[in-house]
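Heads up: the sequence lines are chains A and B, in that order.
Taking numbering that gives the first Met the number 0, I'd label the letters of the first sequence as residues 0 to 234.
Taking numbering that gives the first Met the number 0, I'd label the letters of the second sequence as residues 0 to 288.
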Amino acid sequence: MADALSLAIRDLHAFYGDSHILHGVTLDVPAGECITIIGRNGAGKTTTMRSIMGLVDQRRGAIEIAGQNVIDAMPEKIARLGVAYVPEERGIYATLDVTENLLLPRKINDRGMSIEDIYKLFPNLKERRRSQGTRLSGGEQQMLAIGRVLRTGASLFLLDEPTEGLAPVIVQQIGKAIEMMKSQGHTIVLVEQNFRFATKIADRHYVMERGRIIDMIPRAEVAGRAGQIQQYLGI
Amino acid sequence: MSSQVIFGQLVVGLINGSFYALLSLGFAIIVGLLGIINVAQGTFYMLGAFGSWMLLNYLGIGYWPALILSPLGAAIIGMALEKTLISRVYHLDHIYGLLLTYGLMMFIMGAFIWIYATAGRPYPVPEELRGGFNLGFMFLPKYRAWVVLMALIFCFGTWYAIEKTSIGRTLRAATENPKLTRAFGINVPALLTFGFGVGVALAGFAGVMAAPIYSVSPLMGGDLVIVIFAVVVVGGMGSILGAIVTAFSLGLLEGLAKVVYPQGSNMVIFVIMLIVLLVKPAGLFGHQR
Chain A
0 MADALSLAIR
10 DLHAFYGDSH
20 ILHGVTLDVP
30 AGECITIIGR
40 NGAGKTTTMR
50 SIMGLVDQRR
60 GAIEIAGQNV
70 IDAMPEKIAR
80 LGVAYVPEER
90 GIYATLDVTE
100 NLLLPRKIND
110 RGMSIEDIYK
120 LFPNLKERRR
130 SQGTRLSGGE
140 QQMLAIGRVL
150 RTGASLFLLD
160 EPTEGLAPVI
170 VQQIGKAIEM
180 MKSQGHTIVL
190 VEQNFRFATK
200 IADRHYVMER
210 GRIIDMIPRA
220 EVAGRAGQIQ
230 QYLGI
Chain B
0 MSSQVIFGQL
10 VVGLINGSFY
20 ALLSLGFAII
30 VGLLGIINVA
40 QGTFYMLGAF
50 GSWMLLNYLG
60 IGYWPALILS
70 PLGAAIIGMA
80 LEKTLISRVY
90 HLDHIYGLLL
100 TYGLMMFIMG
110 AFIWIYATAG
120 RPYPVPEELR
130 GGFNLGFMFL
140 PKYRAWVVLM
150 ALIFCFGTWY
160 AIEKTSIGRT
170 LRAATENPKL
180 TRAFGINVPA
190 LLTFGFGVGV
200 ALAGFAGVMA
210 APIYSVSPLM
220 GGDLVIVIFA
230 VVVVGGMGSI
240 LGAIVTAFSL
250 GLLEGLAKVV
260 YPQGSNMVIF
270 VIMLIVLLVK
280 PAGLFGHQR
């Protein structure tokens, strides 16, 4: 079992140039829990993920990973604490083939999966291991983006819309991978538009609107508050 | 016209191509990885040559150790400049990197002219590489063959390192998407410094190789930058293979032009650059972005 990392965000503000995107985000993810951040487009979900990873230049407040404040840390240092990031745009490298994409992230410890195990989890990737990363289909690119962070031994996973635009059969495969991470005791922060998918996996849901967390819904309350959730998501 | 003249010029072309290749290779790595149009690339070539001259005349250290020490010295100076000055303009438009390195070039060149004046200083061909081979149709000096051989080895080695090794994989990733690459635990700023050091070391190495052929002077390399720039544009900005192939081809074409139409030989590279820019603006090996 991995030593999962906890995540605590306190009054996080983030800016892109002159625009103030996050207005005091506060949330808690105990070690080993899986939460989602839900909300409409432009609510600040991706910016929250990028801020945790240190990819937003201007940020203020506190982001604690296993108790260590990383608000001023560089992305490579945050990654080395054991944080893995699967970006919304997938971030597959065109100048690297599939195997090279998998081998790129720096290993943190020896608890990660081997390349062979990752190929077992996503057999499509093995067939295409010599292909240029961006020649893959959307689904294969997503498998690669997830497979890529399974090797390093990270134990806090930030997954930004991993099922966006994918066929149901591939969504199932991605779901299986996330279930596996969860069963291994990893901490998972999931941004997800597909709420049905999210409810199956997550323990709690944070609702985000205009750069703030406005509500938190535990798994047990999801059914009873369905109407309210639909309103939050603007469906 | 005799075949001797043609072969002679082809060898000159091959030698020039070797220097173009070593310098363009470093230039291409730097522009690809850092986005810096390093106008001072020729200055590091001069530093490499001067380094070997200084080692010999001040310390009595000969050609072979200089081949390693001088590029290393150039790389250390280059990396210090990258850390303290060049890294400050990454987030700005490309023109600032160009102006900054142009300023560095003027400063370093000016300092050397001040101390050493502009007259060329001879550097002896190492004993082991004196003499030459009689190929029947022409005489090939050993040292020239050595230069071409080393340039080919270094070009292939650099290409191999970038395409097939783990450090090359990381360099390619950092070139393509520096920000995301940091999120994978890779210290990209340190990698950029290292990449700049490698690019500069290649120029310094070319300088040591050049010292016995051309005389050592603060002015050497100043005009080479224009040719290197043309090579990299024709090959495709940032393309390693493009820089290598183009450098040797243009060197040979320039040599041939000296036989066919000597008055135009200095122009041939730029005429080709013009045609390539019109037909394939991204360069022969470049990808349209």
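The beta carbon of each residue, even a glycine, is placed where N, CA and C say it ideally should be.
How long is the line joining the alpha carbons of residue i and residue j, rounded to whole angstroms?
{"i": "GLY16 (chain A)", "j": "ILE64 (chain A)", "result": "26 Å"}
{"i": "ILE70 (chain A)", "j": "ALA65 (chain B)", "result": "47 Å"}
{"i": "ASN133 (chain B)", "j": "ALA144 (chain B)", "result": "12 Å"}
{"i": "ALA222 (chain A)", "j": "LEU84 (chain B)", "result": "59 Å"}
{"i": "GLU191 (chain A)", "j": "ILE34 (chain A)", "result": "10 Å"}
{"i": "MET112 (chain A)", "j": "ASP56 (chain A)", "result": "32 Å"}
{"i": "GLY31 (chain A)", "j": "ALA153 (chain A)", "result": "12 Å"}
{"i": "THR25 (chain A)", "j": "LEU46 (chain B)", "result": "55 Å"}
{"i": "LEU97 (chain B)", "j": "VAL30 (chain B)", "result": "10 Å"}
{"i": "ALA189 (chain B)", "j": "LYS199 (chain A)", "result": "42 Å"}
{"i": "GLY250 (chain B)", "j": "LEU9 (chain B)", "result": "8 Å"}
{"i": "LEU6 (chain A)", "j": "ILE62 (chain A)", "result": "7 Å"}
{"i": "LEU255 (chain B)", "j": "GLY198 (chain B)", "result": "29 Å"}
{"i": "LEU103 (chain A)", "j": "ARG168 (chain B)", "result": "7 Å"}
{"i": "ILE114 (chain A)", "j": "ARG105 (chain A)", "result": "14 Å"}
{"i": "MET0 (chain A)", "j": "GLU88 (chain A)", "result": "Residue placement at MET0 (chain A) is flagged as unreliable, the pLDDT there being 44, under the threshold of 50; a coordinate-derived value is accordingly withheld."}
{"i": "ALA209 (chain B)", "j": "ALA48 (chain B)", "result": "7 Å"}
{"i": "ARG129 (chain A)", "j": "GLY146 (chain A)", "result": "15 Å"}
{"i": "VAL232 (chain B)", "j": "ILE8 (chain A)", "result": "48 Å"}
{"i": "SER2 (chain B)", "j": "TYR213 (chain B)", "result": "25 Å"}
{"i": "SER69 (chain B)", "j": "GLY203 (chain B)", "result": "7 Å"}
{"i": "VAL267 (chain B)", "j": "SER248 (chain B)", "result": "11 Å"}
{"i": "GLY164 (chain A)", "j": "SER136 (chain A)", "result": "11 Å"}
So with CB distances below 7 Å, who are the chain A contacts of residue i?
{"i": "LEU179 (chain B)", "result": "PRO86 and GLY90"}
{"i": "PHE183 (chain B)", "result": "ALA78, LEU103, PRO104 and ARG105"}
{"i": "GLY186 (chain B)", "result": "Position check: residue 186 (chain B) holds Asn in this sequence, whereas Gly was assumed. What ASN186 (chain B) touches in chain A: GLU75."}
What are the residues that DSSP puts in a beta bridge with residue i?
{"i": "LEU26 (chain A)", "result": "A:ILE8"}
{"i": "GLN57 (chain A)", "result": "A:PHE14"}
{"i": "ASP159 (chain A)", "result": "A:VAL190"}
{"i": "ILE212 (chain A)", "result": "A:MET207"}
{"i": "GLY131 (chain B)", "result": "B:PRO140"}
{"i": "LEU21 (chain A)", "result": "A:ALA13"}
{"i": "PRO123 (chain B)", "result": "DSSP output for PRO123 (chain B) lists no bridge partner at all."}
{"i": "ASP96 (chain A)", "result": "A:GLN131"}
{"i": "ALA201 (chain A)", "result": "Looking at the DSSP assignment, ALA201 (chain A) forms no beta bridge with any residue, so it has no partner."}
{"i": "PRO217 (chain A)", "result": "A:ARG203"}
{"i": "VAL85 (chain A)", "result": "A:LEU158"}
What does a CB cutoff of less than 6 Å around residue i pick up in its chain, not counting 5 residues either side in sequence?
{"i": "GLY72 (chain B)", "result": "GLY50"}
{"i": "ILE308 (chain B)", "result": "This structure leaves residue 308 (chain B) out entirely; chain B is present only between 0 and 288."}
{"i": "ILE243 (chain B)", "result": "ALA20 and CYS154"}
{"i": "LYS125 (chain A)", "result": "TYR118"}
{"i": "LYS257 (chain B)", "result": "GLN8 and SER264"}
{"i": "MET104 (chain B)", "result": "VAL38, ALA39 and THR42"}
{"i": "HIS204 (chain A)", "result": "THR35, ILE37 and ILE216"}
{"i": "ILE275 (chain A)", "result": "Residue 275 (chain A) lies beyond the stretch modelled for chain A, which goes from 0 to 234, so this question has no answer here."}
{"i": "GLU139 (chain A)", "result": "ASN123"}
Which same chain residues, not among the five before or five after residue i, have their C-beta less than 8 Å away from its C-beta?
{"i": "PHE193 (chain B)", "result": "MET78"}
{"i": "ARG335 (chain B)", "result": "The question about residue 335 (chain B) has no answer, for chain B in this structure spans 0 to 288."}
{"i": "ARG288 (chain B)", "result": "At ARG288 (chain B) the pLDDT is 49, less than 50, meaning the model places this residue with poor confidence; the figure from the coordinates comes in the next sentence. Here the set comprises ALA281."}
Along chain B, which residues have their Cβ under 7 Å away from the Cβ of residue i?
{"i": "PRO74 (chain A)", "result": "ARG181 and ALA182"}
{"i": "ALA93 (chain A)", "result": "GLU175"}
{"i": "GLU99 (chain A)", "result": "ARG168"}
For residue i, which residues of its own chain have a beta-carbon under 7 Å away from its beta-carbon, when the five flanking residues on both sides are left out?
{"i": "LEU32 (chain B)", "result": "LEU170, ALA173, THR174, LEU191 and GLY194"}
{"i": "MET180 (chain A)", "result": "PHE156 and ILE187"}
{"i": "ARG49 (chain A)", "result": "VAL55"}
{"i": "LEU240 (chain B)", "result": "TRP158 and PHE284"}
{"i": "VAL224 (chain B)", "result": "VAL38, GLN40 and GLY41"}
{"i": "PHE18 (chain B)", "result": "ALA205 and ALA209"}
{"i": "PRO86 (chain A)", "result": "ASP159"}
{"i": "ASN100 (chain A)", "result": "ILE91, TYR92, GLY132, LEU143 and ARG147"}
Q) Which residues, in chain order, does the region 158–178 of chain A contribute to contact with chain B at a C-beta distance below 9 Å? A) none
Q | Members of the region 161–177 of chain B that neighbour chain A once the beta carbon cut-off is set at 8 Å | A | SER165, ARG168, THR169, ARG171, ALA172, THR174, GLU175 and ASN176
Q: Return the residues of the region 45–73 of chain A that lie within a Cβ-Cβ distance of less than 8 Å from chain B, sorted by chain order.
A: MET52, GLY53, LEU54 and MET73
**Q.** Proximal residues, the region 12–25 of chain A versus chain B, C-beta separation under 9 Å
**A.** none
Q | Under 9 Å (Cβ pairs) to chain D, residues found in the region 9–29 of chain B | A | You won't find chain D in this structure, because its protein chains are A and B.
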